[in-house]
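In the numbering used here, the protein residues as written are 15 to 612.
From the three backbone atoms N, C-alpha and C, an ideal C-beta is built for every residue, glycine too.
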């Protein structure tokens, strides 16, 4: 079933019953589909029927009622896709519209790889108007009833009453009686005559001369005439070129071709009954040795000729696109000039391009919806980490540097410095080589990194990751100058370990944020600590201690105690003077590689 139908089911339920009901329906139907159904995709009929059965369970409505409501909703939905113009030109009256329904579905079958239903209209001698509906799909007649009611009400201001007279499940055939009543009409019963009266041209416009057989054959190179016994009497030159065997002897149509549409037994009476339908015949083109060479599909109209009790089939090749035209060995010159199929074939190329663009847009929309849902889900989460290590860095005398730079040129120098700085730092946080380091944010010259979140690590591990990063950050600044005098850029780094709470904040530009006293302490160690040094808190030093009581992998110097904003008592400060020992670097690198493999 085409995705536009399944998508309509989704929107109907969400708009009228709520998204929660839709999610429960999907669970009841056993469907594990993330995101929305796509209009340009095709889904198994089982998907739709499971959803309808689930609606009976979750929404408390019968499947027949749901199909009818869906049919009414579907009209309003397809109008948004521009189908209203197509529907409005099917006829000037409701009856003409119904008589052209089969033509519409046949045309849609060319564009979409679906098996459309069949429609046949009949007027009884007693004035009863009947609609015959053929569909291989179960219970779709109720869907059709709702769709017709809504369509005729909107397009023709006409109310209709559909009564199911007979349902033959063996033949997939339903027969309905239809009564019409004009909206607001004082005499609703008179609408039957008004809408079904055929238009007769004035006598002055009636043809006064017959065309010759040769002219007719030139106009319709794919015509066919056969008797009540289905014996082919005449055929156009284009058919003879494809089926030369028809020249020598009389052939029966049912032995030469297969009736593809309507899906009925190929009999003369069935053809007479379905003259308003579009017929599709599939001929087998054979070589001189009787071997099937290719298939010739012709679609067109059947006209009964009462003068000699024969049937005329005016047709043209069944072509859906320029590619199909070439594949079947035809060119546009094989299609008569008056045949609208020429324009249809050319227009199909534009449709294919539009269909591709819509498909790409849907795919992009689907991915955006999934990403948005993931962000919303993450925003609902608030994770607590018992132990992480946070690093803050800042450029020494950055405020003085900014004040010395005025005008547009000065502003560009500030931007250039920060860009160089962040580029160097970001390279150190490559997720492939350093999966346990997470860049939280940058504000002016301040650079914030955490280890231990969102990837959980033991205290000694995340502390070592941050200490190693701090040494690399200082090392990568060698040769980077802050002014024309060649002054080397220096950074002050503050490191602290402790517990935090994390969450995703914001709608337009959601961010992964860290909260807690640990964040404040790390920031204040950077602003209060020794300039140009790596300032480490006592808590981080404890994390670095592996239990042996020795800090052989790091050379630290006690720098006394400092007062930090918000703390009543001074806190102990440590300075890391030199890089880690080579043994420690190797050990950390091996652990990082192991984490990466995980």
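| Thinking just about the alpha-carbon of each residue, which of 453, 467, 380 is nearest to the one in residue 399? | Residue numbering aside, residue 399 sits at position 385 when the chain shown is read from its first letter. Looking at the Cα atoms, 467 is the closest of the given residues.
| task | Would you kindly work out how many angstroms separate the C-alpha atoms of residue 332 and residue 273, rounded to a whole number? | result | For this step, residue 332 is matched to residue 318 along the chain shown. For this step, residue 273 is matched to residue 259 along the chain shown. Straight-line Cα distance between these residues: approximately 13 Å.
| Coarse secondary structure for residue 298, derived from DSSP in three states | Position 284 of the chain shown, counted from the first residue, corresponds to residue 298. In this structure, residue 298 counts as strand in the three-state DSSP scheme.
| query | Helix, strand or coil: which one does DSSP assign to residue 313? | reply | As a working mapping, residue 313 is identified with position 299 in the chain shown. Residue state, collapsed to three classes: strand.
| query | Should residue 22 go down as buried or exposed, given a rule of 16 or more other Cβ atoms within 10 Å for buried? | reply | In the chain shown, counting from the first residue as 1, residue 22 sits at position 8. Classification of residue 22: buried, given that the 10 Å Cβ count is 16 or more.
| said: By DSSP's criteria, residue 452 is part of a beta bridge. Which residues make up the other side? | reply: Mapped onto the chain shown, residue 452 falls at position 438. Answer by DSSP bridge pairing, in chain order: 464.
| For the beta strand (DSSP E) that residue 55 lies in, which residues bound it at each end? | Mapped onto the chain shown, residue 55 falls at position 41. Segment: none, residue 55 is in no beta strand (DSSP E) and carries neither H nor E.
| field | Per DSSP, cross-strand counterpart(s) of residue 534 | value | Along the chain shown, read from residue 1 onward, the residue named residue 534 stands at position 520. Beta-bridge pairing links residue 534 to no other residue.
| message | Rounding to the nearest angstrom, what Cα-Cα distance links residue 515 and residue 529 in this structure? | response | The residue given as residue 515 occupies position 501 in the chain shown. The residue given as residue 529 occupies position 515 in the chain shown. Their backbone Cα atoms lie some 5 Å apart in a straight line.
| field | residue 36, DSSP secondary structure in three states | value | The count along the chain shown starts at 1 and reaches residue 36 at position 22. Correct three-state label for residue 36: helix.
| So, do the stretch 430-445 and the stretch 529-547 have three or more beta carbon pairs nearer to each other than 8 Å? | no
| task | Please report the residue range of the alpha helix (DSSP H) in which residue 477 lies. | result | Along the chain shown, read from residue 1 onward, the residue named residue 477 stands at position 463. Segment 473-490, the alpha helix (DSSP H) holding residue 477.
| said: Below 8 Å on the Cβ atoms is my contact criterion, and I expect residue 166 with residue 108 to pass it. Report the Cβ-Cβ distance as a whole number of Å. | reply: Here residue 166 refers to the residue found at position 152 when the chain shown is read from its first residue. Here residue 108 refers to the residue found at position 94 when the chain shown is read from its first residue. Residue 166 to residue 108, Cβ: 5 Å. Contact.
| query | What residues match up with residue 180 in a beta bridge as DSSP calls it? | reply | For this step, residue 180 is matched to residue 166 along the chain shown. DSSP lists 189 as partners of residue 180.
| task | Could you pull out every residue in the same chain whose Cβ sits closer than 8 Å to the Cβ of residue 525, ignoring the five residues on either side in sequence? | result | Locating residue 525 in the chain shown gives position 511, where the first residue counts as 1. Closer than 8 Å at the Cβ level, and outside the excluded window around residue 525, lie 455, 518, 519.
| Reduced DSSP secondary structure (H/G/I, E/B, other) of residue 211 | For the purposes of this step, residue 211 is taken as residue 197 along the chain shown, with counting starting at 1. Any reading at residue 211 needs caution, since the residue's pLDDT is 47, under 50, leaving its predicted position unreliable; the model's value is listed next. Three-state result, residue 211: coil.
| Considering only residues of the same chain and omitting the five flanking positions on each side of residue 189, which have a CB-CB separation below 7 Å? | Position 175 of the chain shown, counted from the start, is the residue given in the question as residue 189. Same-chain partners within the cutoff: 144, 146, 179, 180.
| query | Roughly how many angstroms lie between the CA atoms of residue 82 and residue 270, to the nearest whole one? | reply | Taking the first residue of the chain shown as 1, we reach residue 82 at position 68. Taking the first residue of the chain shown as 1, we reach residue 270 at position 256. Their Cα atoms are separated by approximately 42 Å.
| query | Can you give the beta carbon distance from residue 432 to residue 411, rounded, assuming they're within the 8 Å contact cut? | reply | Working through the chain shown from its first residue, we reach residue 432 at position 418. Working through the chain shown from its first residue, we reach residue 411 at position 397. Actually they do not touch by this definition, with Cβ atoms about 14 Å apart.
| message | Bridge partners for residue 143 per DSSP, in chain order? | response | As a working mapping, residue 143 is identified with position 129 in the chain shown. Answer is 137, 192, bridged to residue 143.
| request: May I have the straight-line CA-CA distance separating residue 219 from residue 290, to the nearest angstrom? | output: Here residue 219 refers to the residue found at position 205 of the chain shown. Here residue 290 refers to the residue found at position 276 of the chain shown. Note that residue 219 has pLDDT 45, beneath the 50 cutoff, so the model's placement of it is unreliable and no number is given.
| task | Output yes or no for whether 9 Å exceeds the beta carbon distance between residue 589 and residue 550. | result | By 1-based counting over the chain shown, the position of residue 589 is 575. By 1-based counting over the chain shown, the position of residue 550 is 536. The answer is yes: Cβ separation under 9 Å.
| query | Tell me, which residues are paired with residue 275 by DSSP? | reply | For this step, residue 275 is matched to residue 261 along the chain shown. 294.
| Completely contained beta strand (DSSP E) runs for the stretch 47-112, where each covers 3 or more residues | none
| request: Kindly indicate which three-state DSSP category residue 28 falls into: helix, strand or coil? | output: Indexing the chain shown from 1 puts residue 28 at position 14. Helix.
| message | Among 434, 154, 35, whose alpha-carbon lies nearest the alpha-carbon of residue 63? | response | Counting from one through the chain shown, the residue named residue 63 turns up at place 49. Selected option, being the one with the closest Cα: 154.
| field | Reduced DSSP category for residue 545 - H, G, I as helix; E, B as strand; rest coil | value | Locating residue 545 in the chain shown gives position 531, counting from the first residue. Coil, per DSSP.
| query | Where does residue 415 fall in DSSP's three states? | reply | Within the chain shown, residue 415 is the residue found at index 401, counting from 1. Three-state result, residue 415: helix.
| message | Can you tell me whether residue 201 is helix, strand or coil according to DSSP? | response | As a working mapping, residue 201 is identified with position 187 in the chain shown. Its pLDDT being 39, under 50, residue 201 is placed unreliably in this model, and the coordinates cannot settle the point.
| request: Please report how far the alpha carbon of residue 258 lies from the alpha carbon of residue 240, in whole angstroms. | output: Counting from one through the chain shown, the residue named residue 258 turns up at place 244. Counting from one through the chain shown, the residue named residue 240 turns up at place 226. Straight-line Cα distance between these residues: approximately 17 Å.
| query | Roughly how far, in whole angstroms, is the beta-carbon of residue 405 from the beta-carbon of residue 475, given that I think they are within contact range, below 8 Å? | reply | As a first step, residue 405 must be located in the chain shown, where it is residue number 391. As a first step, residue 475 must be located in the chain shown, where it is residue number 461. About 15 Å; that fails the 8 Å criterion.
| Can you list, in chain order, the stretches of the beta strand (DSSP E) that have 3 or more residues and sit fully within the stretch 232-266? | 237-241, 246-249
| request: With DSSP as the reference, please indicate the residues paired to residue 439 in a beta bridge. | output: For this step, residue 439 is matched to residue 425 along the chain shown. Paired residues: none, contrary to the question.
| Continuous alpha helix (DSSP H) stretch holding residue 554: start and end | If you number the chain shown from 1, residue 554 lands on position 540. Residue 554 -> alpha helix (DSSP H) spans 552-558.
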